[in-house]
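Residue numbers (this note's numbering): 104 to 444.
Positions of the beta carbon are idealized from the N, C-alpha and C atoms, including for glycine.
Remember, predicted model here, so these are calculated numbers, not experimental data.
Here's the structure, in structure tokens; my notes come after.
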Ligand code: PHE
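See below:
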């Protein structure tokens, strides 16, 4: 029996020292000390011993139980320490590692161009105003002398919100002329940049949403000469000194007379090339003298006051300036594209 206990002592101590986690350790405790465990099995044989031998064996068995228990406790403490160390190691934060740099956005090329234009007009005493993209047909059309039945009022061209065609997404920034005349004291010098909407299919030069800049001056004694001088100055600031312009007669219901402003192609000098599509000229904006009917509709006496206005497409300007050939690139906001500017 002594030998059996000695064997159990050696086997159990070795197994306990080798146990690698708490679960295995608990299994060992059951295996050696449990009710059906190995020590209990040895003690069952006590009956075979003589009465003199029994107390000594009992004492040895108790001692062995205590030894195994303390070996288990010791190993348990060790395991806890090892686990903690592993956990700490796994969760270590290496403060010397370089961080992940957040990717910053990039100023949109079209807004670079817009800022440039704002600066030019602010320098000439204009104010920058903002207005609604959801408009009344009254402001987008009627007060601009665009009658019922005009093709631009068709449902195929304009996004309407209501069956009665009264509320819509503005198709141009020109309603800002009306808002300015109705709310601002005279004289007026404003530009109004913003989004406009038309039912156009998306392609390399069209989008159902794009940007315009409206400009308007109302004062006493304003003439077409002011319009031409001011716009020539703006063109020179954008495209460089000596840029040749041409004011071509046109028609807009809300200006009279009306014109379109072209610049001579800076690429070919007017001979015709892919940039100007063989025309020699590039269209920049629409403009004209504010129609007397529009002035009086806003409560301004056309015999005392006169003014001029223009409307210009912002995307096209940015595309020209940055040699962007597809309009869709402007709206996709791919950082790889934007970062080139
Ligand atoms: N609103 C016109 C357009 O969208 C442009 C324009 C504005 C023309 C102001 C004359 C005066 O085409």
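How long is the line joining the alpha carbons of residue i and residue j, rounded to whole angstroms?
i	j	result
residue 273	residue 323	29 Å
residue 227	residue 201	49 Å
residue 278	residue 395	16 Å
residue 254	residue 379	28 Å
residue 402	residue 247	13 Å
residue 321	residue 311	31 Å
residue 365	residue 389	9 Å
residue 426	residue 377	12 Å
residue 391	residue 288	22 Å
residue 357	residue 424	29 Å
residue 267	residue 237	15 Å
residue 359	residue 203	59 Å
residue 375	residue 256	35 Å
residue 314	residue 221	14 Å
residue 432	residue 212	11 Å
residue 370	residue 436	28 Å
residue 185	residue 199	26 Å
residue 160	residue 182	33 Å
Between residue i and residue j, how many whole angstroms is the CB-CB distance? I'm expecting something under 8 Å.
i	j	result
residue 262	residue 302	6 Å
residue 116	residue 174	5 Å
residue 413	residue 318	5 Å
residue 241	residue 297	Not confirmed; about 18 Å, so no contact.
residue 325	residue 410	5 Å
residue 265	residue 299	That belief does not hold up - the Cβ atoms of residue 265 and residue 299 are roughly 19 Å apart, past 8 Å.
residue 167	residue 142	7 Å
Please report the residue range of the beta strand (DSSP E) in which residue i lies.
i	result
residue 415	408-416
residue 295	291-300
residue 391	384-393
residue 134	Looking at the DSSP string, residue 134 is not in any beta strand (DSSP E); the run it does join, the alpha helix (DSSP H), is 125-136.
residue 310	Run containing residue 310: none; DSSP gives neither H nor E here.
residue 349	348-355
residue 237	237-239
residue 367	358-367
Comparing the CB of residue i with every heavy atom of ligand 1, is any distance shorter than 7 Å?
i	result
residue 358	yes
residue 236	no
residue 412	yes
residue 390	yes
residue 277	yes
residue 224	no
residue 361	yes
residue 350	no
residue 418	no
residue 269	no
residue 317	yes
residue 456	Outside the displayed span of the chain (104 to 444) sits residue 456, for which this structure offers no information.
residue 63	For residue 63 there is no data in the structure shown, the boundaries of the chain being 104 and 444.
residue 355	yes
Along the chain, where does the alpha helix (DSSP H) that runs through residue i open and close?
i	result
residue 108	105-121
residue 284	278-286
Can you give me the Cβ contacts of residue i inside the same chain, cut-off strictly under 8 Å, excluding the 5 residues immediately before and after it?
i	result
residue 206	438
residue 120	174 and 178
What residues in its chain sit with their C-beta under 7 Å from that of residue i, if we drop five residues either side in the sequence?
i	result
residue 209	438, 441 and 442
residue 362	350, 351, 352, 353, 390 and 391
residue 334	364, 390 and 413
residue 140	133 and 134
Can you confirm whether residue i, when its beta carbon is compared against all beta carbons of chain C, has any partner nearer than 8 Å?
i	result
residue 143	Among the chains of the structure shown, chain C does not appear; only one protein chain is present.
Within the same chain, show all residues whose beta-carbon is closer than 6 Å to that of residue i, passing over the 5 residues directly before and after it, in chain order.
i	result
residue 111	141
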